[in-house]
Structures are given as structure tokens and as C-alpha cells.
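Just below is one structure, and these are the notes that go with it.
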Amino acid sequence: MDKTKEQILDELLKAYESMEQKDFNVFFQKQAQVLGFTKEQLEFLEKGNSVIDEINAKALELAEAKKNGLNRQEWIQQEFDTALEDRTKEEKAKVLEIINEAIDKRLEDIVTEKEEEE
1232 MDKTKEQILD ELLKAYESME QKDFNVFFQK QAQVLGFTKE QLEFLEKGNS
1282 VIDEINAKAL ELAEAKKNGL NRQEWIQQEF DTALEDRTKE EKAKVLEIIN
1332 EAIDKRLEDI VTEKEEEE
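So this is what it looks like as C-alpha cells:
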């Protein structure tokens, strides 16, 4: 009988929790071999892991900034300033315009989803 996703995830979680040194990348590589992932599946999952690592790093940076007295808005402003420091004023304005449009679109999507749920 084939295992369900839930059973596989449960087994993976138990195996990870039983590890002394919780190195997710080492664990991931071993489990991928055990499960017989294809090269394409491995690449897809590695990209996902990379994104998760980046999100985690930014969350840790934000937590550290909060410890140092910055609020979320001040921290994100510093991140933008650092990322855009070599850009012209026009380029900075364009980036902020794109971000604002994306936020507005996402908010519209959320409102639409909520309305459809009701």
C-alpha cells in the first residue's frame, strides 16, 4: 500500500527529530536518496529550501533589529536603503512603485477571496 503524504511527512519529521545534530541540509540529502527523488525533484526542493533559508535569515535579522530598538518599518527602510544605495532616484521611485502596486494587488486579492468565502 502506498503511503499518504501525511504518513511520509510524519516519518520524515520523526527521523529529523531523532537526529542529534539537526542539520536540515544533511538530513534532506539523505532522505532524498532514501526516497529516490529524481534530479528534477531534488533541484525543485533545493530551490524551495533556499527560499526558506532566505526567509529564515531575514526573520532572524528582523528579530535582531527589534532587539536593537528598531521597529519593522525602520528595519525594512534600512533594507531598502542598502539594496537600492547604488540606484538613481528614478530607479528607486520605480522600485517603490512596483512594490506598492504588488501590495495593492495582493490586498485586492485578499478582499476578493474573503468576499467569495462569505
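Residue numbering for the sequence shown follows this note's numbering, starting at 1232 and increasing by one per position.
In this text, a Cβ means the ideal position worked out from N, Cα and C, and glycines have one as well.
Would you report the Cα separation of residue i and residue j, rounded to the nearest angstrom?
i            : j            : result
residue 1253 : residue 1321 : 46 Å
residue 1347 : residue 1333 : 21 Å
residue 1298 : residue 1317 : 28 Å
residue 1242 : residue 1270 : 22 Å
residue 1198 : residue 1311 : Coverage of the chain is limited to positions 1232 through 1349, which leaves residue 1198 absent and any answer about it impossible.
residue 1329 : residue 1249 : 45 Å
residue 1281 : residue 1265 : 21 Å
Under 9 Å between the Cβ atoms of residue i and residue j?
i            : j            : result
residue 1305 : residue 1296 : yes
residue 1276 : residue 1263 : yes
Beta-carbon within less than 6 Å of residue i's beta-carbon, same chain only, minus the 5 sequence neighbours each way: which residues are those?
i            : result
residue 1234 : none
For my contact list, residue i and residue j are in at a C-beta cut-off of 8 Å; report their separation, rounded to the angstrom.
i            : j            : result
residue 1303 : residue 1291 : Not really, about 14 Å apart at Cβ, beyond 8 Å.
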